[in-house]
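For reference, the structure is listed below as structure tokens.
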Amino acid sequence: MSTSVRSFAKINIGLKIGPLRDDGFHELRTLYQTVAVSDVIRVEVGRGVGIEIYSKDPRVPRDETNTCWRVADKVLRSLKTRGKVRIAIDKNLPVQGGLGAASSNAVATMLALEKALKRCLPPEERLRIAGEVGSDLPLFLIGGTVLGIGRGEQVYAVEDLPSFHCVLATPEIGVSTPVAFAEWDKKWPAKPPTGAKLTAQDGSDRMNTFSQTIYEWLNGSSFTPTGVPSKGWDRAEALLLDLVRTGIENDFESVVFPRYPAVREVKRALERSGARYVSLPGSGSTVYGLFADQQTADKAAKVLNETGVPAQATATLPREQYWKEMFAKIG
Ligand code: C5P
């Protein structure tokens, strides 16, 4: 019998890229938010040894380069157990879309494998394994609204944002995250030429400002005193207005848009369709729009589909639902 788990996507509400570190990663600050679109991971453990990956999608690697494979291997080692592990990946999320699908698949594999083995890793061991396999894995061990620092792998649960109506538009372009980081480095070399004055881009100022802005936005200092209800859609609307006002942005836009003008076009189309806030998850190529009402979101997705850009209307997924739906029965 197999254990099935839903593997949800994430978006980034703002992302600041900091200096290139000695370990080859960039320091960053971001606010992750899980979204209610998912792949399904089915795990089976039988007699024997080895890890096998199955997927109908030809773009999914079947070997140890697959994040699910690497996580399964580390879980088996950590639990000092053996077995033949079969991992089936039902793909629905785009590959290389910035939605963290491969990372989410890997965390779902970890949780499904623990369940299949009827064993439990300590929380800190789960986090260690997740962070070793990739910067975007640990957020999926928290779900909901998550602050990411370090190379993105240091995660903190923050108070959940209300659920926003959301449209995910996925132009058929794969953006490589390492290439996008390299483009950023070309644009903003880490070390200014000798004698040059440090600019705001070089120092930690931008990171600090970003953290302060996120703090200000999450704490809603500008809307709660005005009497806006703290729950429900009114709060969601006030937050959306504030999100635009505070100027929270994703640094990747400045390198991805010039290289892939079609992605910028999708952003413009979402704005024209009434999105309150539009940005990229990670380095794209998915573009997401947050909407104040479902009708406008549905219409925006329809218009994009009609113009040949695959799009779907969904909603952001707060933490409690994230965990509930992850393990809910899959038909
Ligand atoms: O951690 P992950 O496997 O997602 O990283 C993939 C690649 O993206 C890294 O090898 C690195 O080139 C780049 N990266 C980075 N800074 C980060 C995260 C990723 O430069 N904070």
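For reference, each letter of the sequence shown is one residue, going 1 to 331 in this note's numbering.
No residue lacks a Cβ here, since even glycine has one placed at the ideal position from N, Cα and C.
Asked, Found
"Should T65 be labelled buried (16 or more other beta-carbon atoms within 10 Å of its own) or exposed?", "exposed"
"Would you report the Cα separation of P281 and I51, rounded to the nearest angstrom?", "30 Å"
"For K91, does the three-state DSSP call read helix, strand or coil?", "coil"
"Could you give the C-beta distance for G308 and A300, rounded to a whole number, given that I count them as a contact under 8 Å?", "So it is not a contact: roughly 15 Å between Cβ atoms."
"Out of L168, R29 and A238, state which residue places its alpha-carbon closest to the alpha-carbon of E271.", "L168"
"I need the DSSP call for L304, collapsed to helix, strand or coil.", "helix"
"Distance, Cα to Cα, W69 vs R29?", "28 Å"
"Taking Cβ to Cβ, would you say E44 is nearer than 7 Å to R86?", "yes"
"Near L79, what residues of its chain come up, given a Cβ to Cβ distance below 6 Å and the 5 sequence neighbours on each side ignored?", "R119"
"Three or more beta-carbon pairs under 8 Å between the stretch 314 to 321 and the stretch 203 to 221, yes or no?", "no"
"Check the DSSP bridge columns for C166 and list the partner residues they point to.", "L290 and T314"
"Please classify D185: does DSSP put it in a helix, a strand, or coil?", "helix"
"Who are the Cβ neighbours of D73 in its own chain at under 8 Å, not counting the five residues just before and after it?", "I51 and E64"
"Express the C-alpha separation of L117 and R47 in angstroms, rounding to a whole number.", "12 Å"
"Assess contact between the stretch 24 to 40 and the stretch 142 to 159, defined as three or more Cβ pairs (one per stretch) separated by less than 8 Å. Is contact present?", "yes"
"Are there 16 or more other CB atoms within 10 angstroms of the CB of S176, so buried, or fewer, so exposed?", "exposed"
"Compute the minimum distance between the beta carbon of H165 and the heavy atoms of the ligand C5P, and state whether it is under 6 Å.", "no"
"With burial defined as no fewer than 16 other Cβ atoms inside 10 Å of the residue's Cβ, what is the status of I11: buried or exposed?", "buried"
"Report buried or exposed for P258, applying the criterion of at least 16 other Cβ atoms within 10 angstroms of its Cβ.", "exposed"
"Does DSSP classify T81 as helix, strand or coil?", "coil"
"So which of F327, S254 and V71 has the shortest CA-CA distance to A182?", "S254"
"Whole angstroms is fine: what's the gap from E216's alpha carbon to R126's?", "31 Å"
"Let's test the definition: count the other Cβ atoms within 10 Å of the Cβ of D242 and tell me whether it reaches 16, buried, or not, exposed.", "buried"
"Any heavy atom of the ligand C5P closer than 6 Å to the Cβ of P281?", "no"
"Mind checking who Q33 pairs with in its DSSP beta bridge?", "I11 and T145"
"Following the continuous alpha helix (DSSP H) through Y260, name the residue where it begins and the one where it ends.", "Here Y260 belongs to no alpha helix (DSSP H), and DSSP marks it neither H nor E."
"From this set, K91, S285, M207 and T109, which residue's C-alpha is nearest F327's C-alpha?", "T109"
"So, for D185: in the same chain, excluding its five sequence neighbours on each side, which residues have a beta-carbon less than 7 Å away from its beta-carbon?", "L20"
"Which residue from V303, L218, P261 and R264 puts its Cα closest to that of G14?", "L218"
"Could you pull out every residue in the same chain whose Cβ sits closer than 6 Å to the Cβ of I173, ignoring the five residues on either side in sequence?", "Y260 and S285"
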